[in-house]
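Asks:
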Amino acid sequence: MEKFIEVMLLLDIYGNLLTDKRKQTLSLYYNEDYSLQEIADFLGITKQGVRDALVQGEKSLYHYEKNLKILSQNLEQDKILRSVVNQIDDEDIKQTLSRLIYYEE
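So the sequence shown is numbered by our numbering: it starts at -17 and just counts up by one.
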């Protein structure tokens, strides 16, 4: 999985465990597509301060995932569900399950 997407997913799962400032910095960068300079201007800090907050925030997110494994479990469950759906012959059941799987995303 691409790092950018992975961090976005981890932020969705574990973002509330971060400090408000770190969560905001990560969200601006990953979800709102702000540049380092735009974040620095918005938060009134240096670009290096933004970079440090991003690195530390990412480190925290990966630490939480390493210990709690919520994202990896969700991805594994999704993989299993998709495999089950692909093995079903009844189209009505297949469509219903597919809607449930995609609804969760």
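Where is the CB? At the ideal position from N, CA and C, for every residue including glycine.
Is it buried or exposed for E(-16), if we count other Cβ within 10 angstroms and need 16 for buried?
Replies: Indexing the sequence shown from 1 puts residue -16 at position 2. So E(-16) ends up on the exposed side.
Asks: Might you give, ordered along the chain, the residues of its own chain that have their beta carbon closer than 8 Å to the beta carbon of L22, omitting 5 neighbours on each side?
Replies: Walking along the sequence shown from the start, residue 22 turns up at place 40. Per the sequence shown, residue 22 should be read as Ala rather than Leu. Once the five neighbours on either side are set aside, the close Cβ partners of A22 are T28, K29, G31, V32.
Asks: Does the region 40 to 48 come close enough to the region -5 to 13 that 3 or more CB-CB pairs lie under 8 Å?
Replies: At 8 Å Cβ cutoff, the stretches touch.
Asks: With a threshold of 6 Å on Cβ separation, who are the neighbours of L8 within its own chain once the five nearest residues in sequence on each side are excluded?
Replies: Counting from 1 along the sequence shown, the entry for residue 8 is found at position 26. The answer, listed in chain order, is L(-7), G39.
Asks: Look at the alpha carbon of Q77 and the alpha carbon of Y84, and state the distance between them as a whole number of angstroms.
Replies: As a first step, residue 77 is located in the sequence shown; it is residue number 95 there, counting from the start. As a first step, residue 84 is located in the sequence shown; it is residue number 102 there, counting from the start. Going by the C-alpha atoms only, they are around 10 Å apart.
Asks: Once the 5 residues before and after L(-9) are set aside, which same chain residues still bring their CB inside 7 Å of it?
Replies: The residue labelled residue -9 in the question sits at position 9 within the sequence shown. For L(-9), where only same-chain residues beyond five positions count, the Cβ hits under 7 Å are L53.
Asks: For the alpha helix (DSSP H) that contains K48, what are its first and last residues?
Replies: Position 66 of the sequence shown, counted from the first residue, corresponds to residue 48. Where K48 is concerned, the enclosing alpha helix (DSSP H) stretches over 29 to 50.
Asks: Please find out if some non-hydrogen atom of the ligand NAP comes closer than 7 Å to the beta-carbon of L43.
Replies: This structure lacks the ligand NAP; in fact it carries no ligand of any kind.
Asks: Go ahead and pull the three-state DSSP assignment for S80.
Replies: For the purposes of this step, residue 80 is taken as residue 98 along the sequence shown, with counting starting at 1. Of the three classes helix, strand and coil, the one that applies to S80 here is helix, per DSSP.
Asks: At the level of alpha carbons, what is the spacing between K5 and Y(-4)?
Replies: Taking the sequence shown and counting its residues from 1, one reaches residue 5 at position 23. Taking the sequence shown and counting its residues from 1, one reaches residue -4 at position 14. In a straight line, the C-alpha of K5 is about 9 Å away from that of Y(-4).
Asks: Specify the secondary structure class of I70 as computed by DSSP and reduced to three states.
Replies: Here residue 70 corresponds to residue number 88 of the sequence shown, with the count starting at 1. Three-state DSSP puts I70 in coil, outside helix and strand.
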